[in-house]
Amino acid sequence: MSIETITRKQAVLGYTGYSCIGLYNPKGPENVGSIMRAAGCYGVNTVFYTGKRYERAVEFRTDTKQVHLQLPLIGVDDLQQVIPFGCVPVAIEVHPDAKPLTEYQHPERAFYIFGPEDGSLKKNVTSWCKDIVYIPTHGCMNLAATVNVVLYDRMLKATGTRFAAGTGVPQNQD
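Numbering (the working numbering), first residue to last: 55 to 228.
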């Protein structure tokens, strides 16, 4: 067994999956900006959002890499109507039928749906999602943090990447 060090870019580029994010009525520009940055870091293809709250407060205060200039952020009326072809809709939500993220196998083509900062996904949204997943925590997470954890988990499981203890350096096991 040999260990080969790879860069984050190699890990993301080495994975051929497809993923999009759907934000259900996000509230704050800070969270959306942070989500855009995470989307850029983890190779997300598109970010969709519903609702008017974000549009009223649009600023990319936390999108310091200006990802919104390269990655589409699209306002829509209904996330179900924009499920990308072949993508599995996955609700990220604390829900009685949800599977823990730690045990979840991400689909190759995923459309992750996240609820608002100050609420939950409604039943009319979770009903059309093939999978419902939750992150085991002791309390509620910030929306942007939740997106980061899900995308990191997706990349980690898809690429077989592991990190050297105490270094934060991605490594690949052969």
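Every residue, glycine too, gets a C-beta built ideally from N, C-alpha and C.
Of the candidates Ile167, Pro150 and Asn99, Asn99 places its Cα closest to the Cα of Ser73. Rounded to the nearest whole angstrom, the CA to CA distance from Gln159 to Arg107 is 33 Å. In the same chain as Leu127, and ignoring 5 residues on each side of it, the C-beta atoms closer than 6 Å to its own belong to Val101, in chain order. Cβ-Cβ distances below 8 Å link Thr191 to nothing in the same chain once the five nearest sequence neighbours on each side are left out. Within the stretch 120–162, the runs of beta strand (DSSP E) that reach at least 3 residues and sit entirely inside it are, in chain order, 127–129 and 142–146. A residue is called buried once 16 or more other Cβ atoms fall within 10 Å of its Cβ, and Thr104 is buried on that count. Here Cys183 carries a coil assignment [DSSP, helix/strand/coil].
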